[in-house]
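*Asks:*
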Amino acid sequence: MGALRSLFLAGSQSRWLREQATRRGFVRRAVARFMPGERLDDALAAATVLAPHGIPAVLTRLGENVDQDAEADEVREHYEGALDRIADLRPLAPGCEISVKLTQLGLDLDRERCFARLLALVERAHQRGIFLWIDMEQSPYLDATLDLCRRARAARPGVGVCVQAYLRRTPADLEALLPTGTGVRLVKGAYMEAPEVAWPRKQDVDRAYFELARALLADAARQAGVRAVFGTHDTRLIDAIRAHARERGLPAEACEFHLLFGIQRQVQERLAREGARVRVLISYGAYWFPWYMRRLAERPANVLFVFRSLFRR
Ligand code: FDA
0 MGALRSLFLA
10 GSQSRWLREQ
20 ATRRGFVRRA
30 VARFMPGERL
40 DDALAAATVL
50 APHGIPAVLT
60 RLGENVDQDA
70 EADEVREHYE
80 GALDRIADLR
90 PLAPGCEISV
100 KLTQLGLDLD
110 RERCFARLLA
120 LVERAHQRGI
130 FLWIDMEQSP
140 YLDATLDLCR
150 RARAARPGVG
160 VCVQAYLRRT
170 PADLEALLPT
180 GTGVRLVKGA
190 YMEAPEVAWP
200 RKQDVDRAYF
210 ELARALLADA
220 ARQAGVRAVF
230 GTHDTRLIDA
240 IRAHARERGL
250 PAEACEFHLL
260 FGIQRQVQER
270 LAREGARVRV
280 LISYGAYWFP
290 WYMRRLAERP
300 ANVLFVFRSL
310 FRR
């Protein structure tokens, strides 16, 4: 299992594999299970389908590690337009948000230019009344990501950041983040990390996740105005977090669950029916290969879908 995960995560970095896979129709058909399409319009259409179920969306355009400023500028322009479209679509799909990756906004090229692009998006999101999430990427980007998030929040508060339970340093990071009242989306973590940096065993990651969840729901965090979001499909953890919130007498809106489009659909709908806050992260865009490999790494059984797609027309 661990070996397969490493294999897929290593594959996610391979340019050759990316070029091969993106040309194959059967791979594209398998990917369709996790994304409604490559265009913003596809993602917006999916958001309007989820909305009547009481499930707002978070939209993200796939892409990372851009190596040209012009590309990063194009990403900023794209998201500015997307924020306008999301605002226009509010009657049909209320509550939509966006999530961005800083390496897609040029973090590898220059931190300050990346920040300028982030700030432009934060400003537009503020004008449109839309919350903006910052994804967390590999651990070498962590300090820069937290720093830029902090600076963006100093300009406009409607910004949150993802933190990864698999990292050994996350309890300390969270302790520093919580008093600032920022939105926090807690996930397990999707990248290949060294054992000195991240817990290698799933049971340790799950245990860390629950401990961090408790910290996110503690009185101090709530008093600071933290928006506690749990980005997971792990129903055991979701149930445990909800039970913990109930035991503490917290209102339903104290915790919010974010799941990926196409994964655990029944759980998404059940949570919404039961009055829990739930959102679905919809990815779109042409640059889906590394992202898709990370989804395979999370659940190697997904490879079966790739093979099944080989025989579908
Ligand atoms: P786990 O992997 O234990 O899965 C629990 C169960 O969920 C599985 O048994 C299976 O049933 C189902 N499941 C999980 N993944 C599946 C898949 N790919 N296909 C089918 N079923 C699956 N990571 C990161 O490093 N930075 C980030 O910014 C984000 N952002 C983010 C946002 C949101 C909304 C989500 C849901 C996830 C992320 N992630 C992320 C990814 C995250 O780190 C993690 O890799 C995945 O969520 C898988 O872990 P689970 O918590 O779902 O648990």
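Numbering-wise, the sequence shown is residues 0 to 312 according to numbering that gives the first Met the number 0.
Don't be surprised by glycine CBs; every beta carbon is placed ideally from N, CA and C.
From the DSSP output, in three-state form, read off Q202 for me.
*Replies:* Your numbering for residue 202 matches position 203 in the sequence shown. Helix, per DSSP.
*Asks:* Among the residues of its own chain, which have a CB less than 6 Å from the CB of G188, if the five just before and after it don't count?
*Replies:* Locating residue 188 in the sequence shown gives position 189, where the first residue counts as 1. The beta carbon of G188 sits closer than 6 Å to the beta carbons of Q163 and Y165 from its chain, once the five residues preceding and following it are set aside; these are given in chain order.
*Asks:* Threshold first: 4 residues or longer. Then list the alpha helix (DSSP H) segments lying entirely within the stretch 143-190, N to C.
*Replies:* 169-176
*Asks:* In terms of DSSP beta bridges, what is S5 paired with?
*Replies:* Here residue 5 refers to the residue found at position 6 of the sequence shown. S5 is not bridged to any residue.
*Asks:* Taking E63 as the reference, which of A56, R168 and A71 has the closest Cα?
*Replies:* Along the sequence shown, read from residue 1 onward, the residue named residue 63 stands at position 64. Checked all of A56, R168 and A71; the closest Cα to E63 is A71.
*Asks:* Between the beta-carbon of F229 and the beta-carbon of F256, is there less than 8 Å?
*Replies:* If you number the sequence shown from 1, residue 229 lands on position 230. If you number the sequence shown from 1, residue 256 lands on position 257. Yes.
*Asks:* Regarding T313 and the ligand FDA, is the C-beta to nearest heavy atom distance less than 7 Å?
*Replies:* The first residue shown for the chain is 0 and the last is 312, placing residue 313 beyond what the model contains.
*Asks:* Is any heavy atom in the ligand FDA found nearer than 7 Å to the beta carbon of T47?
*Replies:* For the purposes of this step, residue 47 is identified with residue 48 of the sequence shown, where counting begins at 1. Not under cutoff, so the answer is no.
*Asks:* From the DSSP output, which residues share a beta bridge with G284?
*Replies:* Translated into positions along the sequence shown, residue 284 becomes position 285. G284 is not bridged to any residue.
*Asks:* Does the stretch 242-255 come within contact of the stretch 29-42, defined as at least 3 CB pairs closer than 8 Å?
*Replies:* no
*Asks:* P51 and F260: beta carbons closer than 8 Å?
*Replies:* Translated into positions along the sequence shown, residue 51 becomes position 52. Translated into positions along the sequence shown, residue 260 becomes position 261. No, Cβ-Cβ distance for P51 and F260 is not below 8 Å.
*Asks:* State the beta-bridge partners of T59 as determined by DSSP.
*Replies:* Along the sequence shown, one-based indexing puts residue 59 at 60. According to DSSP, T59 shares a beta bridge with S282.
*Asks:* Nearest to S282 by alpha carbon, out of A271, E273 and R294?
*Replies:* The residue you call residue 282 lines up with position 283 of the sequence shown. The option with the nearest alpha carbon to S282 is R294.
*Asks:* Quick one: what's got a C-beta closer than 7 Å to G105's C-beta in the same chain, skipping five residues either side?
*Replies:* The residue given as residue 105 occupies position 106 in the sequence shown. Around G105: V65, D68, A71, R112, C113 and R116.
*Asks:* At 4 residues or longer, what runs of the alpha helix (DSSP H) sit wholly inside the stretch 46-132?
*Replies:* List check, alpha helix (DSSP H) in window: 68-87 and 110-127.
*Asks:* Could you say which of K100, W198, R221 and P178 lies nearest to C161 if we only look at CA atoms?
*Replies:* Taking the sequence shown and counting its residues from 1, the one referred to as residue 161 is at position 162. It is K100 whose Cα lies nearest to the Cα of C161.
*Asks:* If you drop the 5 nearest sequence neighbours on each side, which residues of the same chain put their C-beta closer than 8 Å to that of R127?
*Replies:* Along the sequence shown, one-based indexing puts residue 127 at 128. Only L82, D83, I85 and A86 meet the Cβ criterion.
*Asks:* With distances taken from CA atoms, which of D203, A217 and R298 is nearest G248?
*Replies:* Locating residue 248 in the sequence shown gives position 249, counting from the first residue. Answer by Cα proximity: A217.
*Asks:* In chain order, what residues of the same chain have a beta carbon less than 7 Å from the beta carbon of R213, not counting five sequence neighbours either side?
*Replies:* Position 214 of the sequence shown, counted from the start, is the residue given in the question as residue 213. Around R213: H243.
*Asks:* If you check the beta carbons only, do T59 and A92 fall under 8 Å apart?
*Replies:* Counting from 1 along the sequence shown, the entry for residue 59 is found at position 60. Counting from 1 along the sequence shown, the entry for residue 92 is found at position 93. No, Cβ-Cβ distance for T59 and A92 is not below 8 Å.
*Asks:* If distances are taken between C-alpha atoms only, which option among L177, Q202, P90 and A56 comes closest to L280?
*Replies:* Position 281 of the sequence shown, counting from 1, holds the residue named residue 280. Out of L177, Q202, P90 and A56, A56 has the C-alpha closest to the C-alpha of L280.
*Asks:* I'd like the span of the beta strand (DSSP E) that includes A220, first residue to last.
*Replies:* As a first step, residue 220 must be located in the sequence shown, where it is residue number 221. That residue, A220, is in no beta strand (DSSP E); its alpha helix (DSSP H) goes D218 to Q222.
*Asks:* Closer than 8 Å by C-beta to V266: which residues in its own chain qualify, once you throw out the five before and the five after it? Chain order, please.
*Replies:* Position 267 of the sequence shown, counting from 1, holds the residue named residue 266. Taken in chain order, the residues that qualify are H232, T234, I237 and L258.
*Asks:* Using the C-alpha atoms, what's the distance from A151 back to L118?
*Replies:* As a first step, residue 118 must be located in the sequence shown, where it is residue number 119. As a first step, residue 151 must be located in the sequence shown, where it is residue number 152. Going from the Cα of L118 to the Cα of A151 covers about 6 Å.
*Asks:* Is G230 helix, strand or coil when you go by DSSP?
*Replies:* For the purposes of this step, residue 230 is taken as the residue at position 231 of the sequence shown. The answer is strand: DSSP assigns G230 an E or B state.
*Asks:* What would DSSP say about A214, mapped onto helix, strand or coil?
*Replies:* In the sequence shown, the residue the question calls residue 214 occupies position 215. It is helical.
*Asks:* To the nearest angstrom, report how far apart L39 and G274 are at their CA atoms.
*Replies:* The count along the sequence shown starts at 1 and reaches residue 39 at position 40. The count along the sequence shown starts at 1 and reaches residue 274 at position 275. Going from the Cα of L39 to the Cα of G274 covers about 29 Å.
*Asks:* With H, G and I counted as helix, E and B as strand and the rest as coil, what does DSSP make of A197?
*Replies:* In the sequence shown, counting from the first residue as 1, residue 197 sits at position 198. A197 falls in the strand class under three-state DSSP.
*Asks:* Could you give the first and the last residue of the continuous alpha helix (DSSP H) run that contains L259?
*Replies:* Position 260 of the sequence shown holds residue 259. Unbroken run through L259 is the beta strand (DSSP E), E255 to L259; no alpha helix (DSSP H).
*Asks:* What does the alpha-carbon distance come out to for the pair D109 and L177?
*Replies:* For the purposes of this step, residue 109 is identified with residue 110 of the sequence shown, where counting begins at 1. For the purposes of this step, residue 177 is identified with residue 178 of the sequence shown, where counting begins at 1. Cα to Cα, D109 sits roughly 28 Å from L177.
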